[in-house]
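Worksheet: the structure to be examined is printed underneath.
Residue numbers (the working numbering), protein chains in the order written: chain A, 1 to 113; chain B, 1 to 892.
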């Protein structure tokens with residue numbers, strides 16, 4: 001199966017969604033995204049961290065250094081109350097977008113499916 | 001301030017970022033190793049998958065939102081470092097800005113104290129000055145009867161008050177002194193809203209004719225002459241022939257009218273009931289919610305009513321009103337606005353100069369900038385860099401400027417004219433500091449944006465290519481710099497012309513002859529115990545004349561005194577002390593027996609004249625060298641019992657008796673001194689600019705003899721002595737005579753030249769400051785021209801080398817280089833002259849004897865500026881002419 005780049009602007013939504021499941025560090029987020037999407041979503045690892053920092057800066061995520069499974073300290077991100085609200089808004093937006101795009105794509109004619 | 005904390009924790013931030021990314025790489029590598037890769041391969045693959053670590057780090061930093069501040073701090077540090085590396089540039093730029101900011105801050109502190117700050121009274125915007133207005137529109141002080149009507153009939157003022165003040169001697173304190181005493185009506189302190197801080201204000205029984213005498217003293221009089229005593233009950237002040245118990249002390253900052261030491265109720269001054277004796281200045285406090293315009297309309301109505309009711313008996317037909325703050329400032333406003341304008345131009349010149357310096361620096365740094373841009377510095381980032389540099393420069397300049405202003409303000413009192421109101425408030429305070437900060441910020445931002453605009457404009461690639469040959473920038477940048485300097489020359493010319501016009505006026509003024517000889521004149525000003533009563537009785541006058549006669553006789557005997565004259569006011573230097581008023585030409589008619597009759601005769605306009613009233617005495621004209629035109633001067637034969645005589649000025653003879661002989665005419669001038677005896681004109685003397693050098697010489701004057709009329713309240717007795725001996729010796733002898741004959745009389749010894757110095761002080765102040773600004777601007781312009789030409793010489797070294805190699809003479813090179821400076825100067829001077837034609841009009845009211853477009857001043861200034869410009873270009877030109885062609889050709 002081909003691998004897809006994540007559409008612009010949706011990375012934030014995905015990160016928030018993953019972080020909603022519980023405190024998690026950057027590498028695990030990347031792994032989780034890949035696994036859950038059955039390897040379709042290829043996160044540009046380099047773009048993951050600026051996004052994390054941006055979300056932390058906006059107050060959607062809170063970070064904490066604590067010991068991880070490897071015994072070393074890692075930075076764990078956790079969804080804040082503000083982040084939860086943001087996640088809901090963005091998820092709703094996403095649903096609406098998908099629906100709308102779906103409606104358009106179901107139009108008869110052209111080279112549609 | 002979360003981001004702020006994060007900036008401070010920058011080191012920890014960085015370490016954590018590093019650790020976080022490292023952790024990611026470690027885990028990735030570990031995963032790869034688990035799938036069977038060797039450690040080295042796993043690590044490499046992990047890195048490859050991750051992308052550029054440093055780039056990610058940079059993006060993370062950006063994402064944190066503290067980036068701009070961090071880079072700002074970095075830029076500021078960098079700017080400070082680069083400026084340290086070019087101390088010459090930094091020194092010139094900071095010094096120039098300090099000069100501009102310091103000068104404008106100093107002038108602002110004066111403007112702020114005098115013009116901008118509200119008066120130190122509660123709700124000062126509601127206090128107004130009030131005048132009667134004549135049909136021709138000129139404002140007159142209030143006549144008491146009219147004032148009473150204004151006060152009783154208005155419904156727009158909470159209080160309306162009348163006041164006046166005069167210089168007199170006050171004793172009863174530690175020692176006698178000459179000071180200002182103010183006569184104030186009831187409501188005076190209520191208008192201003194200030195109460196005595198010790199004791200009480202005047203009570204109702206003190207505010208009525210023949211009421212209980214009482215005096216309120218100023219804080220400084222209380223401190224110096226009453227020892228700051230808590231108990232005032234023992235103090236009795238002797239002044240104007242009366243004894244006044246001290247009942248109150250005003251607070252330290254209260255100073256109205258300016259310089260007054262003692263306030264007494266004005267009801268003590270006898271009132272003649274006249275509606276044309278404009279003796280009182282008026283102030284009022286407008287009711288809350290009423291505008292000045294409404295209050296004025298209200299008084300106008302009352303004035304119309306008075307006019308209707310009294311007809312010819314009054315000379316008002318309207319009322320005038322101005323907020324007190326504006327009225328106090330008066331003529332000073334123009335001078336201060338002109339100073340502000342001049343200093344603003346100076347600041348502009350300073351900025352342009354620094355802009356030109358920055359431009360030179362920018363073009364020299366084009367290559368560096370191009371490299372930075374090529375390495376990925378964004379346009380905004382570069383702009384930020386320039387802002388940082390100009391902030392460092394401007395704030396260093398601003399700080400130094402404030403220091404300069406502190407010093408300047410300390411030195412100011414020496415040159416400030418004494419008549420400048422509220423000058424004691426001049427200080428570096430919050431608003432002055434805010435001004436300095438504002439000016440600094442404005443300079444910083446405009447210079448920074450300017451430099452950035454010049455630098456990042458255009459194609460970086462091209463700049464890199466162009467910069468590869470020499471270290472200089474394009475010709476466009478150099479042309480632009482020339483443009484800046486041209487503007488600078490134009491502004492400098494404007495300030496120079498302003499200073500030139502003021503200077504020429506000043507010279508004209510001091511070389512104007514007042515109508516008498518001013519050199520070697522010693523002056524003695526003193527106050528006599530003059531009774532308040534307008535109708536002085538003969539016994540008082542007799543005593544006064546006796547004292548004056550004794551003083552004059554003994555002073556005349558001092559060795560070295562050649563001539564001596566007594567006057568009721570010092571002409572010119574204290575010309576404002578001279579009173580003026582209407583007189584009657586009797587034409588053989590019987591003199592009026594009382595003032596009602598006086599008023600009746602005055603209704604026939606052909607019998608009324610107007611002149612200055614000057615008390616003089618035997619020897620006065622001879623002492624001052626005022627020529628006798630016809631008739632005689634005052635003589636020994638003129639005494640109390642002989643017929644009263646008058647000497648008039650030539651101008652009055654010409655104006656009032658054009659086809660007649662004024663000698664032998666009788667006039668009536670009792671309204672000035674309360675003495676209704678008619679005066680017979682016995683002589684005509686030359687004209688004198690008695691009220692001031694800046695006024696026309698044809699002032700009509702009537703001189704009367706003190707031995708017949710005495711000195712009245714309107715007089716400030718002054719003895720003028722022409723001597724051949726040193727002034728010090730004469731003064732010490734005179735001091736002793738005064739001590740013997742009149743120990744209670746305060747005396748001020750001086751020379752006429754010194755007194756004139758005081759009279760000229762405000763003009764000198766303006767001239768000094770505008771002159772200083774002009775000199776500073778000239779210096780900056782010279783530096784600016786030098787900078788451009790010198791830079792051009794460096795840029796064209798090779799060209800000059802080639803020219804010389806193919807046979808150009810040193811002369812040709814000189815001409816080439818100087819020509820460049822001359823071109824800038826000529827264009828700048830042209831623009832400046834056109835601008836000056838328009839702008840110097842604003843100076844008109846301050847000029848004397850020349851027009852605002854005086855061709856001589858314009859020409860002289862243009863020549864001066866051209867000369868400086870040529871000199872400034874000659875220095876680099878000489879260097880260029882000495883260039884060795886071989887060195888020049890190799891020059892890069």
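Just so it is clear, CB atoms sit at the ideal spot from N, CA and C, and this is done for glycine as well. Treat the numbers as computed from the prediction; the structure is a model and nothing was measured.
Put residue 106/A into one of helix, strand or coil per three-state DSSP.
In the structure shown, residue 106/A sits in coil (DSSP, three-state: anything other than H, G, I, E or B).
Decide if residue 559/B is buried, meaning its Cβ has at least 16 other Cβ atoms within 10 Å, or exposed.
By the C-beta density criterion, residue 559/B is exposed, having fewer than 16 other C-beta atoms within 10 angstroms.
Where does residue 385/B sit, in a helix, a strand or coil, going by DSSP?
It is helical.
With respect to the alpha helix (DSSP H) encompassing residue 323/B, which residues constitute its N-terminal and C-terminal limits?
Note, residue 323/B: premise wrong, no alpha helix (DSSP H); beta strand (DSSP E) at 318-323.
Work out the CA separation of residue 162/B and residue 237/B for me, nearest whole Å.
In this structure, the straight-line span from the alpha carbon of residue 237/B to that of residue 162/B is close to 23 angstroms.
Can you have a look at residue 600/B and say buried or exposed, based on whether 16 or more other CB atoms are within 10 angstroms of its CB?
Exposed, since its Cβ has fewer than 16 Cβ neighbours within 10 Å.
Just checking, does the region 136-149 of chain B make contact with the region 242-252 of chain B on the three C-beta pairs under 8 angstroms criterion?
They do not touch, by the three-pair rule.
Identify whether residue 661/B lies in helix, strand or coil by the three-state DSSP scheme.
Residue state, collapsed to three classes: coil.
Residues bridged to residue 242/B by DSSP?
In the DSSP output, where bridge partners are listed per residue, residue 242/B has 239/B.
Residue range of the alpha helix (DSSP H) that residue 281/B falls in?
Counting along the chain, residue 281/B falls outside any alpha helix (DSSP H), though it belongs to the beta strand (DSSP E) covering 281-286.
Measure the beta-carbon distance from residue 128/B to residue 284/B and round it to whole angstroms, keeping in mind my assumption that it falls under 8 angstroms.
Contact flag correct, Cβ pair sits at about 5 angstroms.
For chain A, check one thing: does any of its Cβ atoms lie closer than 8 angstroms to the Cβ of residue 791/B?
By the rule that beta-carbons nearer than 8 angstroms mark a contact, residue 791/B does not touch chain A.
Where the region 26-45 of chain A meets chain B: residues whose CB sits under 9 angstroms from a CB there:
Cβ proximity to chain B below 9 angstroms picks out 26, 27, 28, 30, 31, 44, 45 from the region 26-45 of chain A.
From the beta carbon of residue 77/A, is the nearest beta carbon of chain B less than 8 angstroms away?
Using a Cβ-Cβ cut-off of 8 angstroms, residue 77/A does not count as an interface residue toward chain B, since no Cβ of chain B sits closer than that to its own.
Report the three-state DSSP secondary structure of residue 183/B (helix, strand or coil).
Here residue 183/B sits in strand by DSSP.
Check each candidate in 612/B, 319/B, 108/B and name the one with the smallest Cα separation from residue 425/B.
Among 612/B, 319/B, 108/B, the Cα nearest to that of residue 425/B is on 108/B.
Nearest residue (CA-CA) to residue 769/B, options 409/B, 289/B, 86/B, 388/B:
Between residue 769/B and the set 409/B, 289/B, 86/B, 388/B, the nearest pair of CA atoms involves 409/B.
Under 7 angstroms (Cβ pairs) to chain B, residues found in the region 47-63 of chain A:
Of all residues in the region 47-63 of chain A, 49, 50, 53, 54, 57 have a Cβ within less than 7 angstroms of some Cβ in chain B.
Closest to residue 186/B by C-alpha separation, out of 180/B, 158/B, 179/B, would be which residue?
It is 158/B whose Cα lies nearest to the Cα of residue 186/B.
Which term fits residue 337/B, buried or exposed, when burial requires 16 or more other beta carbons within 10 angstroms of its beta carbon?
By the neighbour-count rule (16 or more Cβ atoms within 10 Å), residue 337/B is not buried but exposed.
So is residue 467/B buried or exposed if we call it buried at 16+ other beta carbons inside 10 Å?
Unreliable placement is indicated for residue 467/B, whose pLDDT of 49 sits below 50; the coordinate value is still reported in the next sentence. Under this definition residue 467/B is a buried residue.
Count the other C-beta atoms from every protein chain shown that fall within 10 angstroms of the C-beta of residue 880/B, then say buried if there are 16 or more, exposed otherwise.
Counting Cβ neighbours within 10 Å, residue 880/B comes out buried, since at least 16 surround it.
According to DSSP, residues forming a beta bridge with residue 631/B
Residue 631/B pairs with 683/B.
How is the alpha helix (DSSP H) around residue 778/B delimited, first residue to last?
Counting along the chain, the alpha helix (DSSP H) containing residue 778/B begins and ends at 761-795.
Along the chain, where does the alpha helix (DSSP H) containing residue 839/B start, and where does it finish?
Per DSSP, residue 839/B is one residue of the alpha helix (DSSP H) stretching across 810-839.
C-beta contact flag for residue 298/B and residue 156/B at 8 angstroms
Their beta carbons are under 8 angstroms apart, which means residue 298/B touches residue 156/B by this criterion.
When the cut-off is 8 angstroms and only beta carbons count, does residue 24/B lie next to chain A?
Closer than 8 angstroms: yes.
What's the call for residue 477/B, buried or exposed, on a 16-neighbour Cβ count within 10 Å?
Classification of residue 477/B: buried, given that the 10 Å Cβ count is 16 or more.
DSSP beta-bridge partners for residue 598/B?
Per DSSP, residue 598/B has no beta bridge partner at all.
Kindly identify the DSSP beta-bridge partner or partners of residue 78/A.
Here residue 78/A is bridged, per DSSP, to 62/A.
For the beta strand (DSSP E) containing residue 583/B, name the first residue and the last one.
Where residue 583/B is concerned, the enclosing beta strand (DSSP E) starts and stops at 579-585.
Length of the line joining the Cα atoms of residue 224/B and residue 767/B
C-alpha separation (whole angstroms): 36 angstroms.
Starting from residue 66/A, find everything on chain B with Cβ-Cβ shorter than 8 angstroms and list it in chain order.
Those within 8 angstroms of residue 66/A in chain B number zero; the least Cβ separation is about 12 angstroms.
Below 8 angstroms between beta carbons: does that hold for residue 883/B and residue 800/B?
Contact: yes.
Please list, in chain order, the chain B residues whose beta carbon lies closer than 9 angstroms to that of residue 81/A.
Residues of chain B with a Cβ closer than 9 angstroms to the Cβ of residue 81/A do not exist, since the nearest Cβ in that chain sits about 17 angstroms away.
Chain-ordered residues of the region 91-106 of chain A with a beta carbon less than 7 angstroms from chain B
For the region 91-106 of chain A, which is checked against every Cβ of chain B, not one residue is closer than 7 angstroms.
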